[in-house]
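Numbering (the numbering used here), first residue to last: 651 to 1216.
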């Protein structure tokens, strides 16, 4: 594939390949790719795990991975490669690593190298107070470590920068902010920048051009699905209620022996109706996963009430005064365990490695559905596996023999065994590749529609969570900051945090700066105020309350209706 755009004729194109082919044994990783990247141009190359992205960047950098053979030609001038994972040498102060890298490339002393590094950190938006050149990388936050890697590249000033999975693992709003700053630097300094990563990493946003590596060919990316596969049916009556749900964890006693605790969930109110899909949205530290587990009483919340079909589940989980299998509360809890089923973020880890899937599913039926005769359980297990996208023979397999995608589908099969009414899913597809995740979510939504299940889906993927949902709840630091119907949150959210998550999902530059504070050091007042473009002095004085700004639309922000420059 040839890009005929020419940005500068005075100098040769810094990246140019002709029929570049990469082979790993008999497997073709890259098939006759012809590629040009001009100065100041940002190219994103996307593909799933094992698609050959790393091998391609290695070939461009002259560092072919072991066992990979190359045919065709590749010419690249003055490149610098940021390897996958953003590795820095452990236990060595950052200053020494900066001096080695910058000094090696530019022949500068320590002071000059650190000065250039400081300029690079400025361009990455890192304030002076956060610059800790005396610390080793393991004592830096993940976002600051990535910012340092990018700043080191800026300090070197290569003609070509290759970045493999840059800022992977960071929250979307933080990752997109850094990637946009890196792209701005490349365009301003005339650097050819190639970003390689998964389709879901948002690399298309800061890029001028995007190519997808599929079946060993570099091709234009396919259109992303933005709407549900089938129209959503209107939900029925609310059956699950959360009122004032809070969660606190005990801490070590204070210096005078006083009891201490850390509150992470703060007075959450929530209703879930029959057949409704509710998206719990938030990044790391939003405590959405804790809320999802609290609704299941795994463990029970420390404040408030969770009510399922009129029964207080928190009362049912209290230890009985005497062992009584017929205690009404505990009979009700057993029925609630049957009706409310979880989907875990790491389904493979939730299986017993010493038992086959069929044996474990049999125990689930024995515990939650004793009304099903033993001779009918195998049939029920086969039906659940097929509905979840697996063959019945999977019941004979051990968990260790399952792929990551198969384990996710097996987790779904286990969840629907007892014929529940509600599924509460905490990032159930987080470990899957983009294609596997689409398949899993489509299967999940098909099961939801077929059984008319209610579904709570906790995820940091803003667009993906809202795509198949009726409503969305945006969480920040253990509080609900916005709730509305999914269409409103997809098109016109009002809270600055919701807007930032939407911008990141669309590949745009989020308006937030900095990182989310630790749960142990939350600022007074609004938890977003140190990052928020709307913050004013009053934001430090009071936590915003959740108020209704339109029918069914609630926002917790003092200045949600104030322009950012107002």
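For each residue, glycine too, the CB sits at the ideal point set by N, CA and C.
query: So is residue 851 buried or exposed if we call it buried at 16+ other beta carbons inside 10 Å?; result: buried
query: Using the rule of at least 16 other Cβ atoms within 10 Å of the residue's Cβ for burial, across every protein chain shown, is residue 1012 buried or exposed?; result: buried
query: Look at residue 1109 and residue 1077 and say whether their C-beta atoms are less than 8 Å apart.; result: yes
query: Label residue 1194 either buried or exposed according to how many other C-beta atoms from any shown protein chain fall within 10 Å of its C-beta, with 16 as the threshold for buried.; result: buried
query: Would you mind listing the beta strand (DSSP E) stretches within the segment 1114-1174 that are 3+ residues and don't spill past its ends, in chain order?; result: 1121-1126 and 1129-1135
query: Whose C-beta lies closer than 6 Å to the C-beta of residue 936 among residues of the same chain, with five residues either side of it excluded?; result: 1125 and 1126
query: Taking C-beta to C-beta, are residue 861 and residue 841 nearer than 8 Å?; result: no
query: Return the chain-ordered list of same chain residues with a C-beta closer than 8 Å to the C-beta of residue 1006, the five sequence neighbours on each side being excluded.; result: 1045, 1046, 1047 and 1048
query: List the endpoints of the continuous alpha helix (DSSP H) containing residue 747.; result: 744-756
query: So, do the segment 914-921 and the segment 1085-1100 have three or more beta carbon pairs nearer to each other than 8 Å?; result: no
query: Can at least three beta-carbon pairs, one atom from the segment 717-724 and one from the segment 735-752, be found at a separation below 8 Å?; result: no
query: What are the start and end residues of the beta strand (DSSP E) that includes residue 911?; result: 910-923
query: Note the first and the last residue of the continuous alpha helix (DSSP H) segment covering residue 1186.; result: That residue, residue 1186, is in no alpha helix (DSSP H); it is neither H nor E in DSSP.
query: Tell me whether residue 785 is buried or exposed, calling it buried when 16 or more other Cβ atoms sit within 10 Å of its Cβ.; result: exposed
query: Would residue 667 and residue 701 be called neighbours here (beta carbons separated by less than 8 Å)?; result: no
query: Where does the unbroken beta strand (DSSP E) through residue 1086 begin, and where does it stop?; result: Note, residue 1086: premise wrong, no beta strand (DSSP E); alpha helix (DSSP H) at 1084-1101.
query: Comparing alpha-carbon positions, which option in 752, 734 and 1208 lies nearest residue 705?; result: 734
query: Let me make sure I understand the geometry here. Which of 1042, 1130 and 685 has the alpha-carbon closest to that of residue 863?; result: 685
query: According to DSSP, residue 992 sits in a beta bridge with which residue or residues?; result: 1074
query: Closest to residue 712 by C-alpha separation, out of 728, 697, 1131 and 695, would be which residue?; result: 728
query: Nearest-angstrom Cα distance between residue 910 and residue 900?; result: 6 Å
query: Distance, Cα to Cα, residue 692 vs residue 806?; result: 18 Å
query: Is the segment 1105-1124 in contact with the segment 1133-1143, if contact means three or more CB pairs nearer than 8 Å?; result: yes
query: Can you look up residue 896 in the DSSP assignment and give me helix, strand or coil?; result: strand
query: Among 838, 782 and 803, whose alpha-carbon lies nearest the alpha-carbon of residue 794?; result: 782
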